Amino acid sequence: MNAMETAGNVWVERLTQYSGSDLDDLCEATEAAIVEGGGFGWLKPPPRHVLENYWNGVLLVPDRHLVVGRLDRLIAGSALLSRAPRNNEAQAFAGTLTGAFVAPWARGHGLGRGIILEIERLARELGLVVLNLDLRDTQRAAIGLYESMGYRRWGTHPAYARVDGRIVPGHYYHKRLDDPAA
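Just so we're on the same page, our numbering is the position in the sequence shown counted from 1, plus 4.
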(Lines of atoms letter the chains of each structure in order from A; the text may use other names.)
(Lines give C-alpha, C1' and ligand atoms only; values in the text may rest on other atoms or scores of the structure.)
Protein backbone atom coordinates (compact mmCIF):
# COMPACT_ATOMS: atom_id res chain seq x y z
CA MET A 5 0.00 0.00 0.00
CA ASN A 6 1.35 3.40 -0.98
CA ALA A 7 -0.48 6.26 0.75
CA MET A 8 -0.26 9.97 0.14
CA GLU A 9 -1.89 12.63 2.29
CA THR A 10 -3.34 15.34 0.10
CA ALA A 11 -4.76 17.61 2.81
CA GLY A 12 -5.72 17.07 6.46
CA ASN A 13 -8.40 14.40 6.48
CA VAL A 14 -8.01 13.50 2.77
CA TRP A 15 -5.84 10.54 1.73
CA VAL A 16 -5.11 8.80 -1.56
CA GLU A 17 -3.63 5.32 -1.64
CA ARG A 18 -3.05 2.25 -3.76
CA LEU A 19 -5.11 -0.66 -2.51
CA THR A 20 -4.15 -4.31 -3.00
CA GLN A 21 -6.45 -5.77 -0.34
CA TYR A 22 -9.43 -4.64 1.68
CA SER A 23 -9.42 -4.34 5.43
CA GLY A 24 -11.94 -3.24 8.00
CA SER A 25 -14.90 -1.57 6.32
CA ASP A 26 -13.07 -0.85 3.03
CA LEU A 27 -15.29 -3.01 0.81
CA ASP A 28 -18.49 -1.68 2.37
CA ASP A 29 -17.24 1.93 2.14
CA LEU A 30 -16.27 1.42 -1.49
CA CYS A 31 -19.65 -0.06 -2.36
CA GLU A 32 -21.50 2.79 -0.61
CA ALA A 33 -19.41 5.44 -2.36
CA THR A 34 -19.96 3.66 -5.68
CA GLU A 35 -23.72 3.54 -5.16
CA ALA A 36 -23.81 7.26 -4.33
CA ALA A 37 -21.76 8.13 -7.43
CA ILE A 38 -23.97 5.99 -9.68
CA VAL A 39 -27.14 7.67 -8.33
CA GLU A 40 -25.58 11.06 -9.13
CA GLY A 41 -24.75 9.93 -12.68
CA GLY A 42 -21.00 9.77 -12.47
CA GLY A 43 -18.21 7.39 -13.22
CA PHE A 44 -19.53 4.00 -14.10
CA GLY A 45 -21.46 2.44 -16.94
CA TRP A 46 -24.14 1.56 -14.40
CA LEU A 47 -27.09 3.93 -14.52
CA LYS A 48 -28.66 2.61 -11.32
CA PRO A 49 -26.93 0.84 -8.46
CA PRO A 50 -26.87 -2.94 -8.90
CA PRO A 51 -27.63 -5.25 -5.97
CA ARG A 52 -24.95 -5.02 -3.26
CA HIS A 53 -23.62 -8.53 -3.92
CA VAL A 54 -22.96 -7.55 -7.55
CA LEU A 55 -20.92 -4.52 -6.43
CA GLU A 56 -19.04 -6.59 -3.88
CA ASN A 57 -18.21 -9.20 -6.52
CA TYR A 58 -17.11 -6.46 -8.91
CA TRP A 59 -14.77 -4.82 -6.38
CA ASN A 60 -13.41 -8.16 -5.16
CA GLY A 61 -12.74 -9.10 -8.78
CA VAL A 62 -10.85 -5.86 -9.43
CA LEU A 63 -8.12 -6.95 -7.03
CA LEU A 64 -7.78 -10.33 -8.75
CA VAL A 65 -7.11 -9.09 -12.28
CA PRO A 66 -3.41 -8.96 -13.17
CA ASP A 67 -2.19 -5.61 -14.48
CA ARG A 68 -5.15 -3.75 -12.97
CA HIS A 69 -4.40 -1.34 -10.12
CA LEU A 70 -6.88 0.27 -7.72
CA VAL A 71 -6.30 3.73 -6.29
CA VAL A 72 -8.74 5.00 -3.67
CA GLY A 73 -9.35 8.34 -2.03
CA ARG A 74 -10.38 8.60 1.59
CA LEU A 75 -12.19 11.37 3.42
CA ASP A 76 -12.19 11.01 7.20
CA ARG A 77 -10.79 7.46 6.72
CA LEU A 78 -13.78 6.34 4.62
CA ILE A 79 -13.21 5.36 1.00
CA ALA A 80 -14.99 8.07 -0.96
CA GLY A 81 -13.70 7.57 -4.49
CA SER A 82 -11.45 5.53 -6.72
CA ALA A 83 -9.98 4.92 -10.14
CA LEU A 84 -8.45 1.96 -11.93
CA LEU A 85 -5.30 1.80 -14.00
CA SER A 86 -5.20 -1.05 -16.49
CA ARG A 87 -2.32 -2.14 -18.67
CA ALA A 88 -2.65 -3.66 -22.12
CA PRO A 89 -2.85 -7.46 -22.18
CA ARG A 90 0.59 -9.07 -22.22
CA ASN A 91 0.10 -10.29 -25.80
CA ASN A 92 -0.35 -6.68 -26.96
CA GLU A 93 3.30 -5.61 -27.10
CA ALA A 94 2.53 -2.77 -29.50
CA GLN A 95 0.45 -0.96 -26.86
CA ALA A 96 2.39 -1.98 -23.76
CA PHE A 97 3.56 1.63 -23.34
CA ALA A 98 -0.01 2.87 -22.66
CA GLY A 99 -2.44 2.43 -19.80
CA THR A 100 -6.15 3.05 -19.45
CA LEU A 101 -7.71 5.03 -16.63
CA THR A 102 -11.25 3.79 -15.92
CA GLY A 103 -13.95 3.81 -13.29
CA ALA A 104 -12.91 7.11 -11.76
CA PHE A 105 -15.40 8.64 -9.35
CA VAL A 106 -15.81 10.57 -6.13
CA ALA A 107 -18.96 10.15 -4.07
CA PRO A 108 -21.11 13.30 -4.09
CA TRP A 109 -20.72 13.81 -0.32
CA ALA A 110 -16.91 13.92 -0.67
CA ARG A 111 -16.56 16.30 -3.61
CA GLY A 112 -14.78 19.60 -3.26
CA HIS A 113 -11.87 18.27 -1.16
CA GLY A 114 -9.43 17.57 -4.01
CA LEU A 115 -9.95 13.80 -3.95
CA GLY A 116 -10.54 13.50 -7.70
CA ARG A 117 -7.37 15.39 -8.57
CA GLY A 118 -5.41 13.46 -5.94
CA ILE A 119 -6.61 10.10 -7.26
CA ILE A 120 -5.68 11.04 -10.84
CA LEU A 121 -2.25 12.29 -9.77
CA GLU A 122 -1.61 9.00 -7.97
CA ILE A 123 -2.73 7.04 -11.05
CA GLU A 124 -0.25 9.08 -13.11
CA ARG A 125 2.58 8.42 -10.60
CA LEU A 126 1.81 4.71 -10.64
CA ALA A 127 1.69 4.67 -14.44
CA ARG A 128 5.12 6.31 -14.64
CA GLU A 129 6.51 3.78 -12.12
CA LEU A 130 5.19 1.00 -14.35
CA GLY A 131 6.98 2.52 -17.34
CA LEU A 132 3.82 3.72 -19.06
CA VAL A 133 4.15 6.74 -21.33
CA VAL A 134 0.49 7.42 -22.21
CA LEU A 135 -2.78 7.32 -20.31
CA ASN A 136 -6.08 6.95 -22.18
CA LEU A 137 -9.62 7.44 -20.92
CA ASP A 138 -13.14 8.04 -22.16
CA LEU A 139 -16.10 9.88 -20.63
CA ARG A 140 -19.77 10.43 -21.32
CA ASP A 141 -20.62 13.95 -22.42
CA THR A 142 -22.92 14.17 -19.38
CA GLN A 143 -19.92 14.05 -17.02
CA ARG A 144 -19.13 17.75 -17.28
CA ALA A 145 -17.26 18.12 -13.97
CA ALA A 146 -14.98 15.18 -14.83
CA ILE A 147 -14.36 16.56 -18.33
CA GLY A 148 -13.33 19.89 -16.82
CA LEU A 149 -11.02 18.20 -14.31
CA TYR A 150 -9.24 16.05 -16.88
CA GLU A 151 -8.84 18.92 -19.33
CA SER A 152 -7.42 21.13 -16.54
CA MET A 153 -4.88 18.37 -15.82
CA GLY A 154 -3.57 18.26 -19.39
CA TYR A 155 -5.66 15.46 -20.90
CA ARG A 156 -6.34 16.14 -24.57
CA ARG A 157 -9.54 15.21 -26.33
CA TRP A 158 -8.76 13.39 -29.54
CA GLY A 159 -12.19 12.22 -30.57
CA THR A 160 -15.91 12.09 -29.96
CA HIS A 161 -18.28 9.20 -30.51
CA PRO A 162 -21.73 10.69 -31.26
CA ALA A 163 -23.66 7.63 -30.00
CA TYR A 164 -21.50 6.57 -27.05
CA ALA A 165 -24.10 5.73 -24.38
CA ARG A 166 -27.78 5.73 -23.54
CA VAL A 167 -28.65 7.73 -20.42
CA ASP A 168 -32.25 8.22 -19.32
CA GLY A 169 -33.45 6.97 -22.70
CA ARG A 170 -31.33 9.49 -24.59
CA ILE A 171 -28.28 8.69 -26.74
CA VAL A 172 -25.35 10.85 -25.61
CA PRO A 173 -21.89 11.42 -27.07
CA GLY A 174 -18.67 10.27 -25.44
CA HIS A 175 -15.22 11.79 -25.58
CA TYR A 176 -11.81 10.14 -25.80
CA TYR A 177 -8.76 11.61 -24.09
CA HIS A 178 -5.05 10.92 -23.79
CA LYS A 179 -2.13 12.35 -21.87
CA ARG A 180 1.58 11.89 -22.58
CA LEU A 181 3.27 11.24 -19.26
CA ASP A 182 6.74 11.78 -20.71
CA ASP A 183 5.87 15.37 -21.65
CA PRO A 184 7.74 17.71 -19.26
CA ALA A 185 4.59 19.83 -19.03
CA ALA A 186 2.54 16.78 -17.90
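For each residue, glycine too, the CB sits at the ideal point set by N, CA and C.
From a predicted model like this one, the values you see are computed outputs, not experimental measurements.
According to DSSP, residues forming a beta bridge with residue i
i    : result
R74  : W15, I79
R180 : V134
V190 : Because residue 190 is not part of the residues shown, which for the chain are 5 to 186, the question remains open.
T160 : H175
DSSP-derived helix/strand/coil call for residue i
i    : result
T34  : helix
G45  : coil
A1   : Lying before the first or after the last residue shown, residue 1 is absent from the chain, which here runs from 5 to 186.
E40  : coil
S152 : helix
CB-CB length for residue i against residue j, believed under 8 Å
i    : j    : result
L70  : L78  : About 16 Å; that fails the 8 Å criterion.
L139 : V72  : About 20 Å; that fails the 8 Å criterion.
A127 : L75  : Going by Cβ atoms, the distance from A127 to L75 rounds to 24 Å, so no, they are not a contact pair.
W178 : Y155 : Going by the sequence as given, residue 178 is His instead of Trp. 7 Å between Cβ atoms; contact.
P108 : A36  : 6 Å
V167 : T142 : 6 Å
P51  : I38  : About 12 Å; that fails the 8 Å criterion.
*Just checking, does the segment 68-83 make contact with the segment 98-117 on the three C-beta pairs under 8 Å criterion?*
yes
_Length-filtered (3 minimum) beta strand (DSSP E) runs lying within the segment 52-140_ = Here the runs fully enclosed are 68-75, 78-87, 98-106, 134-140.
*Would you call the segment 174-183 and the segment 153-162 touching, i.e. three or more CB-CB distances under 8 Å?*
yes
*Count the C-beta pairs between the segment 111-119 and the segment 133-143 that are closer than 8 Å, then say yes if the count reaches three, no if not.*
no
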